[in-house]
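Q: Here the sequence shown is numbered in the UniProt record's numbering, starting from 1 and rising by one per residue.
The beta-carbon is built from N, C-alpha and C at its ideal position, and this holds for glycine as well.
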Amino acid sequence: MVAYGLLLGLFLEEISASLLWEWFFPSIFIFTLLFAPKSTVWLKDEVSMSAPVKVDNIPISIAMFASLSSQTSYFVSKIDDFFAKNAELVLSEALKLYQDDKDIIKLIHTIIYSDNRQFVKAFRNTAVSGIISESAPETSAGIQSTLGKNITSLQYLKPGGNFSIKEWFSNSAETGWLFITANPSQRATLRPLISAWISIAIKALMCRNPNHDNKNMWFILDELPALQKVSSLPVALAESRKYGGCFVAGLQNIHQLEAIYGSAECASMLDLFNSKFIFRVSDQVTAYKSALTLGEEEIIETQENLSYGSNTMRDGVNMNNVERKKLLVMPSEIMNLPDLTCYVKLVGNFHITKLTMKLQNLNIAYVWGYTLLKKLKLVNY
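#1: Would you kindly report the start and end of the unbroken beta strand (DSSP E) that includes Ile111?
#2: Identify whether Ser199 lies in helix, strand or coil by the three-state DSSP scheme.
#3: As a quick exercise: from Trp177, Ile200, Phe179 and Asn305, pick the residue whose alpha carbon is nearest that of Gly316.
#4: Can you grab the Cα-Cα spacing for the pair Phe75 / Leu328, in whole Å?
#5: Considering Val329, what are the terminal residues of the beta strand (DSSP E) in which it resides?
#6: Below 8 Å between beta carbons: does that hold for Ile112 and Leu157?
#7: To the nearest angstrom, how far is it from the Cα of Tyr98 to the Cα of Thr126?
#8: Assign Tyr243 to one of two classes, buried (16 or more other C-beta atoms within 10 Å of its C-beta) or exposed (fewer than that).
#9: Between residue 398 and Trp177, what straight-line distance do the alpha-carbon atoms span, to the nearest angstrom?
#10: In chain order, which continuous runs of the alpha helix (DSSP H) of length 4 or greater are located wholly inside the segment 247-318?
#11: Got a sec, what are the start and stop residues for the beta strand (DSSP E) Ala345 sits in?
#12: Return the first residue and the last residue of the alpha helix (DSSP H) that Lys354 is part of.
#13: As a quick exercise: from His351, Val230 and Asp213, pick the residue whose alpha carbon is nearest that of Ile194.
#14: Grouping DSSP H, G and I as helix and E and B as strand, with all else coil, what is Arg324?
#15: Does Val322 pass the burial test, meaning 16 or more other C-beta atoms within 10 Å, or should it be called exposed?
#16: Just confirm the distance between the C-beta atoms of Ser324 and Ile299, as a whole number of angstroms; I'd bet it's less than 8 Å.
#17: Quick check: the Cα distance between Ile58 and Leu346, rounded to an integer number of angstroms?
#18: Between Cys266, Asn216 and Thr189, which lies nearest to Leu224 when the distance is taken from Cα to Cα?
#19: What span of residues does the alpha helix (DSSP H) with Asn150 cover, start to end?
#20: Does Arg241 come out as helix, strand or coil in the three-state DSSP assignment?
#21: Is the separation between the beta-carbon of Ser153 and that of Thr189 shorter than 8 Å?
#22: Flag this pair as yes or no: are the beta carbons of Gly250 and Asp222 separated by less than 8 Å?
#23: Would you mind giving the Cβ-Cβ distance between Pro331 and Ala291, rounded to the nearest angstrom? I have them listed as a contact below 8 Å.
#24: Using a 10 Å radius around the Cβ and a threshold of 16 neighbouring Cβ atoms, would you call Ala122 buried or exposed?
#25: Given a threshold of 16 other Cβ atoms within 10 Å of its Cβ, counted over all protein chains shown, does Met357 qualify as buried or as exposed?
#26: Please determine, among Gln118, Ser199, Ile198 and Ala226, the residue with the shortest C-alpha to C-alpha distance to Gln186.
#27: Hey, how far is the Cα of Ala287 from the Cα of Pro210?
#28: DSSP on Leu337, reduced to helix/strand/coil?
#29: With distances taken from CA atoms, which of Val128, His351, Ile143 and Ile220 is nearest Glu296?
#30: Leaving aside the five residues before and after Asn320 along the sequence, list all residues of the same chain whose C-beta is less than 6 Å from its C-beta, in chain order.
#31: Return the CA-CA distance between Gln256 and Ser307, expressed in angstroms with no decimal places.
#32: Do you know offhand how far Ile104's Cα is from Ala238's?
#33: Is Thr371 buried or exposed, if buried means 16 or more other CB atoms sit within 10 Å of its CB?
#34: Let me make sure I understand the geometry here. Which of Asn349, Leu359 and Gly348 has the alpha-carbon closest to that of Asp339?
#35: How is the alpha helix (DSSP H) around Ala87 delimited, first residue to last?
Shown next as structure tokens:
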């Protein structure tokens, strides 16, 4: 389900989560909600779970490492694609090198702080040994510099913790909500990690057996454009239904998403959200595209033409019917919607509906939520 500032609503029917490396998860900060249909868990940037995080016996695949490296490293510049792409390959190899001892300090030291000789030695006899060599120190230095600029978020990860998102989502007896929150002031720094976690979670979902009766798993992504590009998301929107995946996403205007995924892929993604809730938007282009999403109607208009001659006998009236299309909802109507009012388009043969909601009494929810946080020892006041 998607919602534009506007809630575009997409209901696919599945989703599950996994982890990056389980040792990446001790302190998690996301503004994204991951839902697995009893227990409720809150994870935030100030909290780290106690005891070491357990790692699965099944090795993480090369594809997962590659995906992780591309998400964790936030290469926004297209100017020097050589260093950006090779830096991702090096990071992927580094993650594989340290997957057993899970030492984030060693990982960062090798990638960022080691000199050229140590850097080359660390990746000897790996898939990137041809890229990193003592005979080409400039190339090694360029890759190391690119990595150092783009994986700063790894430095904020804390060691320790015994909570495994992968196990939590894979445990059929486990139900409830997992809230992953992010402080707005930290989003820019943490965005690569958040995107990587979501990407690996999606891949874990897609590893489910589609022939089993999979429990529905939901991803609720508030402010989807606040994430960097999640490469596995477009595929998940198209194919995750058979694995039990469900997605709900929110965005304020379409331009934000187009800047990340491009116009064509953005349009494709929004099309895959079958249900849409469109609230007031201020951007004209977004309002127009939202109106197109709600559909058009064919109308027949009767046109009357008058003709006059030099003699009254030559005066005449011509009438003809003209078919044309008209938007069901005009962009101006969307731009002027009052608060708590939206247009709803549901999958299936249903009419477009204008929905007005009432603001719920939040005091009850606040008291319940505060009591829960106290029990979980996430607040001390």
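A: Once the coordinates are examined:
#1: No beta strand (DSSP E) holds Ile111; DSSP gives it neither H nor E.
#2: helix
#3: Asn305
#4: Confidence is the limiting factor: at Phe75 the pLDDT is only 47, short of 50, which leaves the residue's position unreliable and the question unanswerable from this model.
#5: That residue, Val329, is in no beta strand (DSSP E); it is neither H nor E in DSSP.
#6: no
#7: 13 Å
#8: buried
#9: Here the chain comprises residues numbered 1 to 381, so residue 398 is not present and cannot be evaluated.
#10: 254-261, 263-272 and 284-294
#11: Ala is not the amino acid found at residue 345; the sequence shown has Lys there. Where Lys345 is concerned, the enclosing beta strand (DSSP E) stretches over Thr341 to Lys345.
#12: Here Lys354 belongs to no alpha helix (DSSP H); instead the beta strand (DSSP E) covers Thr353 to Thr356.
#13: Val230
#14: strand
#15: exposed
#16: In the sequence under discussion, the amino acid at residue 324 is Arg, which differs from the Ser named in the question. Indeed they touch by this definition, with Cβ atoms about 6 Å apart.
#17: In this prediction, Ile58 scores a pLDDT of 32, lower than 50, which makes its location untrustworthy; no coordinate-derived value is stated.
#18: Cys266
#19: Pro137 to Asn150
#20: helix
#21: yes
#22: yes
#23: 5 Å
#24: buried
#25: exposed
#26: Ala226
#27: 38 Å
#28: coil
#29: His351
#30: Gln303
#31: 53 Å
#32: 35 Å
#33: exposed
#34: Leu359
#35: Asp81 to Leu97
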